[in-house]
Structure formats: C-alpha cells, structure tokens
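Notes to accompany the following structure.
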Amino acid sequence: MPRVRVVVSDEKKQRWQDYVGETPEYDSVSDLVRKSVEQEINSESNSQMDQYEELYQIMEAVESLEKKHSRLQDSLDAHRQNSITKSDMDELESMIGEAIWEYANMIRDLDGNQDSSTEATDEK
3 MPRVRVVVSD EKKQRWQDYV GETPEYDSVS DLVRKSVEQE INSESNSQMD
53 QYEELYQIME AVESLEKKHS RLQDSLDAHR QNSITKSDMD ELESMIGEAI
103 WEYANMIRDL DGNQDSSTEA TDEK
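Position in the sequence shown counted from 1, then plus 2, gives you this note's numbering.
As structure tokens, then:
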C-alpha cells in the first residue's frame, strides 16, 4: 500500500497525538489523518450534493412561479378582453335607451292603429 508523508510542526503533531489519546474513535495519528481526510472528502461531496439539491428545489420553485405568473397573465389578458370600459358602457346605455324608445313608439303606433281600427269598426 502506498504511503503519504505529511510534515507538520512538533506542536501540531503533539496536539494530534493528544487528541488520539482522548478519543476512542481513532487508533493512531495515521488513523486520525486517514479518517479525517475521508470525512472531509465526503462532507465536500455531501455539501455539493446538498447544494445541487437546493439548486434543484429553487429551480422547481422558479418554474412553479413562472407557471403561476403565466396563468395569471393569461387570466388578466382574458379579463381585459372581456371587460367593458366606461365609454363602452355609455354607448351601450345609449343604444338600449334608443331601442326602448323605438319599441315604445312602435307600441304606441300599434295602439294608435288599433284605436283607428276599433273606431272604424264602431262606426259601422
């Protein structure tokens, strides 16, 4: 098995040896270094995976917001197309008023014609 040599200060070596003596998880300084390096690599990988997962969730949230925005925009556009402006309403009221007067005049004319017919029949 290949070996990796690490050069550290005497103080750091002593600190690592003290830590190994206090911690049952490690058998030796070499074991501490090996496991620490693996933990660092795994934590970086996990950290990157966590970042990718967070990025994916953010992208999904953005897509969801874009879909909602699109639906709201479509709804707003449809509402604008279906809404009546004040001038449209005024024009509609005017047209309805004219139609009512025309209808009333037509009824009056029919009543007038009926009265004439009735008078003509009564005269006979």
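We put the beta carbon where it would ideally sit given N, CA and C, even for glycine.
Query: Is the beta carbon of GLN41 closer than 8 Å to that of VAL31?; Result: no
Query: Is MET3 helix, strand or coil when you go by DSSP?; Result: coil
Query: Please go through the same chain and pick out, in chain order, the residues whose beta-carbon is closer than 6 Å to the beta-carbon of VAL10, but skip the five residues on each side of it.; Result: none
Query: Confirm, please, whether the CB-CB distance from VAL8 to VAL35 is below 8 Å.; Result: yes
Query: Which residues bound the alpha helix (DSSP H) around SER45?; Result: 31-84
Query: Leaving out five residues on either side along the sequence, give the residues of the same chain with a beta carbon under 8 Å from the beta carbon of LYS15.; Result: VAL31
Query: Just to confirm the assignment, what range does the alpha helix (DSSP H) spanning GLU24 have?; Result: 12-24
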